[in-house]
Amino acid sequence: MRTSRSFHNILLKNKILIMYFFAVFIPIVLTNVIFYIVTIENVKKQQMQDSTLALQQINRDFSTIIDQAVGISSSLYTNLNLNLFLEKDYVSSIDYIERHNSFLRNYNQSSPINPSINSIRFYTDNPSVIYSGGVYSIDSLQQELTNFKDALTNSNGSQILIDTPSDENFETFSIIRNLDYFYNDKQKFVKVEINPETIRDIFNNVTFKGDVYLLNEKGEIEYTNNQSLKQQLDKAINFDQVEKEHSLVTIRANLNNGSYLNDWSVVGTISEETMLKTVNKSKLFIVLLAMINFLAPTIIIVIISRSFLTRLQRIIRHVKRMKNQDFELIHDQEYQDEIGQLTSEFNRMTKKINDLINDVLLVNIQNKDLEIKRNRAQLSALQSQINPHFLFNALETIRMRSLMKDERETAKIIHNMAKIFRNSLTWGKDFVSVRDEVNLLTSFLEIQKYRFGDKLNYQISIDETAEDYKIPNMSLLPFIENASIHGIEPLKENGEISVSISLYADTVTCVIKDNGAGITEEKRKQLLASLENEEDIGENVGIKNVYYRLKLYYPDRFYFNIDSHLDYGTTITIQLPSQIDSTISSNSDKNLYFIK
């Protein structure tokens with residue numbers, strides 16, 4: 001039960017992956033691996049059977065030609081005329097040649113009759129014969145066979161000596177027999193040479209894919225089709241001493257030719273790679289088959305899982321939005337499966353909840369209206385505090401300048417002052433265009449320019465695309481006032497105030513910068529912290545007044561920052577969205593929801 005509960009906590013997507021892994025991936029992998037292993041074993045078994053049959057065929061073919069050569073030597077061994085020909089003492093060369101032409105020439109013509117026999121040679125110590133035309137001296141035979149003396153000593157008339165190839169240029173076997181069946185006055189031997197092409201054809205059996213070795217009774221290699229080893233057969237090499245690969249498979253077939261090839265054997269070696277060459281060619285087919293087995297169920301599972309996972313995740317997203325009072329309906333075609341029914345029920349439930357909330361809002365709308373009116377009353381109180389403050393500073397500037405000298409510039413200053421005073425008396429207009437706000441700033445800066453003279457220079461830069469955007473009334477003037485009084489006044493000369501207003505991505509950015517006295521970092525932090533205390537206006541009335549108004553109009557959608565360094569000046573940055581809160585705008589100015 002506990003395992004079942006823990007399984008319920010796994011996401012549906014992960015459950016599908018688990019099902020795919022254990023129901024598709026592992027079975028297909030195991031099936032293909034087992035199929036491949038079984039196929040390899042069957043192919044190896046079949047290749048072993050085929051190789052064994054091929055090696056047995058080599059064994060039989062080699063035994064057959066040996067038997068044929070031994071049979072020819074046996075017929076010559078019991079041929080009385082041949083023995084008389086080799087035993088006779090010829091009185092003249094003419095007598096021998098006539099006898100040779102009439103008798104021995106027929107034996108030299110036996111090769112075309114039996115293609116496995118290369119030649120038949122006779123050896124004798126008869127001094128009256130001419131050593132030519134198939135008859136040779138015993139001495140030439142002794143040079144070919146190192147163990148000839150032992151064979152001659154132990155000769156009993158039936159002994160057969162097999163001469164194995166020792167010259168890589170002449171690869172053949174020879175059957176040597178002592179012709180002492182009738183007479184033993186002179187030494188007589190016959191040598192039947194097997195055709196080397198026949199030997200090569202036998203041992204280069206195309207059905208056997210490896211190397212073939214003919215081993216004598218001592219296990220030494222007498223013949224092989226291994227080209228790299230052939231050149232070393234001029235000396236005795238034991239088969240067990242030959243370096244072999246670890247993947248070689250060895251097959252042995254014993255020769256059974258009576259007493260003359262006892263304990264001889266034919267051994268074949270074939271590598272597993274050669275045996276599995278057919279399987280290796282089928283690897284690509286097996287891989288393609290496995291990929292098809294993977295691809296088909298994978299596509300089906302992906303299509304089916306996406307059919308309900310995508311729609312189910314969309315339902316979950318809409319359910320999560322509901323906690324933020326976002327009751328958006330799911331706009332999708334109505335399907336008849338369980339997910340489609342769940343989507344329809346969700347839309348029905350969302351619509352009912354949304355209707356219920358709207359009914360509750362209608363009941364509470366009066367309380368909301370009272371709260372808005374209370375905020376407006378607080379805003380009016382803040383606005384009323386700022387009017388005498390500006391008026392006092394402006395009049396004090398005119399008074400001080402008028403006492404110093406009597407000149408016409410006073411009229412201009414009074415005109416600018418009238419603009420400011422008139423604007424301060426029209427608080428019913430909460431928002432003004434950027435152009436009107438800049439005109440107000442210009443009037444104030446002209447007054448300050450009149451006051452400070454050459455000590456103050458100002459610069460106003462406004463983006464033409466931002467001129468028609470609406471911002472709160474007198475939201476920049478308090479910062480110009482602080483810049484001139486607290487920033488520029490302590491300076492002796494070269495005071496500068498710059499105002500920059502730009503528009504980017506529906507955001508109005510206002511930057512007010514001066515090179516005045518500035519404030520310390522600690523005081524800057526205290527000032528920013530005091531802005532959060534709305535109960536007590538206290539000091540910095542102008543800054544707090546603007547900040548609270550911005551907070552009222554743009555609750556958490558505006559940016560305000562003060563960057564100041566002592567003796568280096570202050571920079572005020574304000575970023576306002578192009579769209580204000582709908583509740584505030586609807587009660588202050590119904591035409592200001594879109595400020596532009």
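Per the UniProt record's numbering, residue 1 is the first one in the sequence shown, and the count goes up by one each step.
Yeah, the Cβ is synthetic: ideal placement off N, Cα and C, and Gly gets one too.
What you are looking at is a predicted structure, and each value in this text was computed from that prediction instead of being measured.
When burial is assigned at 16 or more other CB atoms within 10 Å of the CB, is THR124 buried or exposed? On the sequence shown, residue 124 is found 124 positions in, with the first residue counted as 1. Buried, by the Cβ-count rule.
Would LEU255 and SER63 be called neighbours here (beta carbons separated by less than 7 Å)? The residue given as residue 255 occupies position 255 in the sequence shown. The residue given as residue 63 occupies position 63 in the sequence shown. Their beta carbons are under 7 Å apart, which means LEU255 touches SER63 by this criterion.
Just the C-alpha distance for SER75 and ASN184, rounded to the nearest angstrom, thanks. Taking the first residue of the sequence shown as position 1, residue 75 is located at position 75. Taking the first residue of the sequence shown as position 1, residue 184 is located at position 184. Computed Cα separation, rounded: 18 Å.
Could you compute how far the alpha carbon of LEU84 sits from the alpha carbon of SER92? Your numbering for residue 84 matches position 84 in the sequence shown. Your numbering for residue 92 matches position 92 in the sequence shown. Rounded to the nearest angstrom, the two C-alpha atoms are 16 Å apart.
Which listed residue (THR507, SER484, TYR504) has its alpha carbon closest to that of GLU496: Indexing the sequence shown from 1 puts residue 496 at position 496. Among THR507, SER484, TYR504, the Cα nearest to that of GLU496 belongs to SER484.
Secondary structure of ARG557, DSSP reduced to three states: Along the sequence shown, read from residue 1 onward, the residue named residue 557 stands at position 557. In this structure, ARG557 counts as coil in the three-state DSSP scheme.
CA-to-CA distance, THR52 to ILE251, given in whole angstroms: Working through the sequence shown from its first residue, we reach residue 251 at position 251. Working through the sequence shown from its first residue, we reach residue 52 at position 52. So the alpha carbons of these two residues sit roughly 7 Å apart.
Spatial neighbours of ILE237 in its chain, beta-carbon cut-off 6 Å, leaving aside the 5 residues before and after: The residue labelled residue 237 in the question sits at position 237 within the sequence shown. Once the five neighbours on either side are set aside, the close Cβ partners of ILE237 are ILE221.
ASN101 - DSSP class collapsed to helix/strand/coil: What you label residue 101 is simply residue 101 of the sequence shown in a count that begins at 1. It is helical.
CA-CA distance, ILE40 and GLU193? For this step, residue 40 is matched to residue 40 along the sequence shown. For this step, residue 193 is matched to residue 193 along the sequence shown. Taking the straight line from one Cα to the other gives about 44 Å.
Spell out a yes or no on whether the stretch 20-35 and the stretch 308-324 are touching, meaning 3 or more CB-CB pairs, one atom from each, closer than 8 Å. no
Where LEU12 falls: helix, strand or coil (DSSP): Along the sequence shown, read from residue 1 onward, the residue named residue 12 stands at position 12. LEU12: helix per DSSP, three-state reduction.
Straight-line CA distance for ILE16 to GLU464? Working through the sequence shown from its first residue, we reach residue 16 at position 16. Working through the sequence shown from its first residue, we reach residue 464 at position 464. Going by the C-alpha atoms only, they are around 59 Å apart.
Residues sharing a beta bridge with ALA236, DSSP: Here residue 236 corresponds to residue number 236 of the sequence shown, with the count starting at 1. ALA236 is not bridged to any residue.
Measuring straight from C-alpha to C-alpha, what distance separates ILE447 and LEU456? Position 447 of the sequence shown, counted from the first residue, corresponds to residue 447. Position 456 of the sequence shown, counted from the first residue, corresponds to residue 456. Their backbone Cα atoms lie some 11 Å apart in a straight line.
Touch test, the stretch 65-79 against the stretch 172-182, Cβ-Cβ under 8 Å, three pairs minimum: yes
Straight-line CA distance for ILE572 to ILE420? Position 572 of the sequence shown, counted from the start, is the residue given in the question as residue 572. Position 420 of the sequence shown, counted from the start, is the residue given in the question as residue 420. Straight-line Cα distance between these residues: approximately 22 Å.
With C-beta atoms as the reference, is VAL508 less than 7 Å away from ALA466? Numbered from 1 along the sequence shown, position 508 holds the residue referred to as residue 508. Numbered from 1 along the sequence shown, position 466 holds the residue referred to as residue 466. Their beta carbons are under 7 Å apart, which means VAL508 touches ALA466 by this criterion.
Indicate the three-state DSSP secondary structure (helix, strand or coil) for THR520 in the structure shown. Your numbering for residue 520 matches position 520 in the sequence shown. If DSSP states are grouped into helix, strand and coil, THR520 belongs with coil.
Own chain, CB closer than 7 Å to ASN59, minus 5 neighbours either side, in chain order: The sequence position of residue 59 within the sequence shown is 59, counting from 1. The answer, listed in chain order, is ALA253, LEU255, VAL266.
Do PHE122 and residue 663 have their beta-carbon atoms positioned less than 7 Å apart in this structure? In this structure the chain extends from 1 to 596, so residue 663 is not present and cannot be described.
Are the CB atoms of ILE512 and VAL499 within a distance shorter than 7 Å? Numbered from its first residue, the sequence shown carries residue 499 at position 499. Numbered from its first residue, the sequence shown carries residue 512 at position 512. In this structure, ILE512 lies closer than 7 Å to VAL499 by Cβ.
Give the single residue among ARG311, ASP67, VAL70 whose Cα lies nearest to the Cα of ILE339. Stepping through the sequence shown from its first residue, residue 339 is reached at position 339. The shortest Cα separation from ILE339 among ARG311, ASP67, VAL70 belongs to ARG311.
Suppose the cutoff is 7 Å on Cβ atoms and the five residues either side in sequence are ignored; what does the same chain contact list for LEU531 look like? For the purposes of this step, residue 531 is taken as residue 531 along the sequence shown, with counting starting at 1. LYS544, TYR547, listed in sequence order.
Using only the alpha-carbon positions, how far apart do TYR136 and ASP67 sit? Along the sequence shown, read from residue 1 onward, the residue named residue 136 stands at position 136. Along the sequence shown, read from residue 1 onward, the residue named residue 67 stands at position 67. So the two alpha carbons sit approximately 24 Å from each other.
Helix, strand or coil: how does DSSP classify PRO127 here? Here residue 127 refers to the residue found at position 127 of the sequence shown. In the structure shown, PRO127 sits in coil (DSSP, three-state: anything other than H, G, I, E or B).
Quick check on GLN526 - is its C-beta less than 7 Å from some C-beta in chain C? Among the chains in the structure shown there is no chain C, since it carries only a single protein chain.
So is THR224 buried or exposed if we call it buried at 16+ other beta carbons inside 10 Å? Locating residue 224 in the sequence shown gives position 224, where the first residue counts as 1. The residue is buried, with at least 16 neighbouring Cβ atoms inside 10 Å.
Given a threshold of 16 other Cβ atoms within 10 Å of its Cβ, counted over all protein chains shown, does ILE72 qualify as buried or as exposed? For this step, residue 72 is matched to residue 72 along the sequence shown. Under this definition ILE72 is a buried residue.
Between which residues of its own chain and ALA377 is the CB-CB distance below 7 Å, once the five residues before and five after are set aside? Here residue 377 corresponds to residue number 377 of the sequence shown, with the count starting at 1. Unreliable placement is indicated for ALA377, whose pLDDT of 46 sits below 50; no coordinate value is reported for it.
Suppose contacts are defined by Cβ-Cβ distances below 7 Å. Is ILE162 in contact with ASP61 by that definition? Numbered from its first residue, the sequence shown carries residue 162 at position 162. Numbered from its first residue, the sequence shown carries residue 61 at position 61. No, the Cβ-Cβ distance between ILE162 and ASP61 is not below 7 Å.
Looking only at its own chain, which residues have a Cβ that is under 7 Å from the Cβ of ASN347, when we skip the five neighbours before and after it? Residue 347 sits at position 347 when you count from the first residue of the sequence shown. Excluding sequence neighbours, ASN347 sits near LEU329, ILE330.
Just list the residues that DSSP pairs THR573 with in beta bridges. Within the sequence shown, residue 573 is the residue found at index 573, counting from 1. For THR573, which the question treats as bridged, DSSP gives the partners VAL511, ASN561.
Leaving out five residues on either side along the sequence, give the residues of the same chain with a beta carbon under 7 Å from the beta carbon of SER502. For the purposes of this step, residue 502 is identified with residue 502 of the sequence shown, where counting begins at 1. Result list for SER502: ASP463, ALA466, THR509, in chain order.
If distances are taken between C-alpha atoms only, which option among VAL434, LEU528, LYS186, ASP263 comes closest to ASN561? Residue 561 sits at position 561 when you count from the first residue of the sequence shown. Ranking VAL434, LEU528, LYS186, ASP263 by Cα distance to ASN561 puts LEU528 first.
Element boundaries [alpha helix (DSSP H), containing ASP61]: Numbered from 1 along the sequence shown, position 61 holds the residue referred to as residue 61. First-last of the alpha helix (DSSP H) with ASP61: 26-77.
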